[in-house]
Amino acid sequence: MSLLLDTHILLWWLSDDPLLPLAARNAIASPESEVVVSAATAWEIAIKQAGGRLEAPDDLLDTLKANDFDTLPITAAHALIAGGLPPHHADPLDRMLIAQASVESLTLVSVDSRFPQYDVELLPLG
Numbered sequence: 003m004s005l006l007l008d009t010h011i012l013l014w015w016l017s018d019d020p021l022l023p024l025a026a027r028n029a030i031a032s033p034e035s036e037v038v039v040s041a042a043t044a045w046e047i048a049i050k051q052a053g054g055r056l057e058a059p060d061d062l063l064d065t066l067k068a069n070d071f072d073t074l075p076i077t078a079a080h081a082l083i084a085g086g087l088p089p090h091h092a093d094p095l096d097r098m099l100i101a102q103a104s105v106e107s108l109t110l111v112s113v114d115s116r117f118p119q120y121d122v123e124l125l126p127l128g
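In short: position in the sequence shown from 1, add 2, done, that's the working numbering.
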């Protein structure tokens, strides 16, 4: 299974936060899973770190590599799909994750309650 992690899921994984749902923890830890982190997630983390609103590793790319997570660049195809999504979600970075999961056939891992409104595969966390 190929998983695309939402920002909060990535941060909970990296900090071993008990808020990380067990289903997500097990899927990420599974040797059968390919875990992918979007450039949009790195961008969101950098923005919030710069504004002093978030604690995250300063060496995010090294941390991703150490966890054997792949990175996913943002392409023009992703941007066009994200821009054309219905406005269920106002956050453009979250809309990018939805578009990337759709275009790349990835399973999105998130607890965001608005994501199920989109036609995207989500990891069941219930």
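For every residue, glycine included, the Cβ atom is placed at its ideal position computed from N, Cα and C.
Span of the alpha helix (DSSP H), counted from its first residue to its last, around residue i
i, result
"serine 104", "94-106"
"leucine 63", "62-68"
Distance between beta carbons of residue j and residue i, contact taken as under 8 Å
i, j, result
"leucine 74", "valine 113", "Wrong, their Cβ atoms sit about 20 Å apart, outside the cutoff."
"serine 104", "isoleucine 83", "6 Å"
"leucine 95", "tyrosine 120", "Leucine 95 to tyrosine 120, Cβ: 14 Å. No contact."
"leucine 127", "proline 23", "4 Å"
"tryptophan 14", "leucine 21", "5 Å"
First through last residue of the beta strand (DSSP E) which encompasses residue i
i, result
"threonine 109", "109-111"
"aspartate 72", "72-74"
Distance, residue j Cα to residue i Cα
i, j, result
"histidine 10", "glutamine 51", "14 Å"
"alanine 62", "aspartate 8", "First, the residue type needs correcting, since residue 62 is leucine and not alanine in the sequence shown. C-alpha separation (whole angstroms): 15 Å."
"threonine 109", "proline 59", "25 Å"
Bridge-paired residues (DSSP) for residue i
i, result
"leucine 24", "Paired residues: none, contrary to the question."
"leucine 124", "Leu110"
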